[in-house]
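**Q**
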Amino acid sequence: MIKACIFDMDGVLVSTEKYHFEAWQRLAATLDIVIDEKFNENLKGVSRAVCIDLILKHGGIHKTEEEKQQLAAQKNEWFLESISHISPQDLFSGVYEFLTLLQEKGYKTALGSASKNAPLLLEKLQITQFFEAVIDGNIIEKAKPNPEVFLRGAAAIGVEPQYCVVFEDAISGVQAARAAGMYCIGIGSAEILTQANFCISSLSEMKLEMLEKLKT
Ligand code: G6P
Ligand code: MG
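Straight run, no breaks: the sequence shown in the numbering used here ends on number 221.
(1) My assumption, with CB atoms under 8 Å, is that Leu-116 sits in contact with Ile-91. Please give the rounded CB distance.
(2) Assuming the contact rule is C-beta atoms closer than 8 Å, Leu-198 and Cys-204 should be a hit. Round their C-beta distance to whole Å, please.
(3) Excluding five sequence neighbours on each side, which residues of the same chain lie with their C-beta closer than 7 Å to the C-beta of Val-51?
(4) Based on the DSSP secondary-structure assignment, which residues constitute the bridge partners of Gly-2?
(5) Restricting to Cα atoms, I'd like to know which of Tyr-101, Ile-132 and Glu-146 is closest to Lys-121.
(6) Do Gly-99 and Met-211 count as a contact pair if the criterion is CB distance below 9 Å?
(7) Consult DSSP for Val-154 and reduce its assignment to one of helix, strand or coil.
(8) Tell me the rounded alpha-carbon separation between Leu-126 and Glu-22.
(9) Give me the Cβ distance between Leu-48 and Leu-59, rounded to the nearest whole Å; I'm assuming they're in contact under 8 Å.
(10) Secondary structure at Leu-130, three-state DSSP: helix, strand or coil?
(11) If you pair each beta-carbon of the segment 153-172 with each one of the segment 184-199, do three or more pairs fall below 8 Å?
(12) Over what stretch of residues does the alpha helix (DSSP H) that includes Ile-66 continue unbroken?
(13) Could you tell me which of Ser-206, Glu-82 and Asp-95 sits nearest to Arg-53, measuring between CA atoms?
(14) In or out: Lys-218 buried (at least 16 other Cβ within 10 Å) or exposed?
(15) Give the secondary structure of Glu-71 by DSSP, where H, G and I count as helix, E and B as strand, and everything else as coil.
(16) Which runs of the beta strand (DSSP E) fall wholly inside the segment 151-206 and span at least 3 residues, in chain order?
(17) Mapping the DSSP letters down to three states, classify Ala-148 as helix, strand or coil.
(18) Given this structure, state the Cα-to-Cα distance separating Glu-42 from Gln-134, to the nearest angstrom.
(19) May I ask whether a heavy atom of the ligand MG can be found less than 8 Å away from the beta carbon of Met-187?
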């Protein structure tokens, strides 16, 4: 039986994925590199440093480590500008209700995000109290699809991987959850998130019975 739910943040709880994409597009444009929504699927879920490498590789451009750090800092500055006005109203529909229900029913919960901005966003969204553990980009060493982020999350809340379900919108995140030996419910299209156990379009579709049906 499922005992814990582990949530990705961007694109699952809040629509910040679009701000990441806009900032990456703007940064890529300064290097004369064009990135589209399809390419962006590869950027979802992976760390800031890995995103820079993927974009530079896509454009066939080489940069030094120092230049890459400057690019990452610029992107983050634009991203922080975009999220400066984020408030609880920006939560995806159904998120607050589902987190409240899980808490009432005694499910364990953790956040597993590659973002270094995760604690800031949880605070802005006023949902920090729903997570017993927050594993984010400041803590993890290996980016998704490595399972580290979810395995650490499960360990922090004391639940074995097979009793955990991960909610993910990124291909790399779904791969990480499955590699961790966990169930994965994809948020988005089953054609893109092919390795998820099943997909829903948002957490507003989630019912407790769906968790109870998952066999462990
Ligand atoms: C998440 C998002 C990615 C983002 C990454 C790093 O995984 O899905 O789009 O690039 O976090 O975020 P950060 O806020 O640390 O730059
Ligand atoms: Mg995501």
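Glycine included, each C-beta is placed from N, C-alpha and C at the ideal position.
**A** Reading from the atomic positions:
(1) Taking the first residue of the sequence shown as 1, we reach residue 116 at position 111. Taking the first residue of the sequence shown as 1, we reach residue 91 at position 86. Leu-116 to Ile-91, Cβ: 16 Å. No contact.
(2) Translated into the one-based positions of the sequence shown, residue 198 becomes position 193. Translated into the one-based positions of the sequence shown, residue 204 becomes position 199. Indeed, because the Cβ distance is near 6 Å, the residues count as touching under 8 Å.
(3) On the sequence shown, position 46 is the one that residue 51 refers to. Closer than 7 Å at Cβ, skipping near neighbours: Ala-119, Ala-148, Lys-149 and Ser-177.
(4) In the structure displayed, the chain extends from 6 to 221; residue 2 sits before or after that span and is not available.
(5) Sequence index remark: in the sequence shown, residue 121 carries index 116 (1-based). It is Glu-146 whose Cα lies nearest to the Cα of Lys-121.
(6) As a first step, residue 211 must be located in the sequence shown, where it is residue number 206. As a first step, residue 99 must be located in the sequence shown, where it is residue number 94. Contact flag set, yes.
(7) Locating residue 154 in the sequence shown gives position 149, where the first residue counts as 1. Val-154: helix per DSSP, three-state reduction.
(8) Along the sequence shown, one-based indexing puts residue 126 at 121. Along the sequence shown, one-based indexing puts residue 22 at 17. About 12 Å.
(9) Taking the sequence shown and counting its residues from 1, the one referred to as residue 48 is at position 43. Taking the sequence shown and counting its residues from 1, the one referred to as residue 59 is at position 54. Leu-48 to Leu-59, Cβ: 6 Å. Contact.
(10) Position 125 of the sequence shown, counting from 1, holds the residue named residue 130. DSSP places Leu-130 in helix when its eight states are reduced to three.
(11) The segment 153-172 is in contact with the segment 184-199.
(12) For this step, residue 66 is matched to residue 61 along the sequence shown. No alpha helix (DSSP H) contains Ile-66, which DSSP labels as neither H nor E.
(13) As a position in the sequence shown, residue 53 is number 48, starting the count at 1. The option with the nearest alpha carbon to Arg-53 is Glu-82.
(14) Translated into the one-based positions of the sequence shown, residue 218 becomes position 213. It counts as exposed.
(15) Counting from one through the sequence shown, the residue named residue 71 turns up at place 66. In the structure shown, Glu-71 sits in a helix (DSSP, three-state: H, G or I).
(16) 169-173, 188-192 and 203-205
(17) Numbered from 1 along the sequence shown, position 143 holds the residue referred to as residue 148. Coil at Ala-148, not helix or strand.
(18) One-based indexing of the sequence shown puts residue 42 at position 37. One-based indexing of the sequence shown puts residue 134 at position 129. One alpha carbon belongs to Glu-42, the other to Gln-134, and they sit about 33 Å apart.
(19) Stepping through the sequence shown from its first residue, residue 187 is reached at position 182. Flag unset: Cβ of Met-187 not near the ligand MG.
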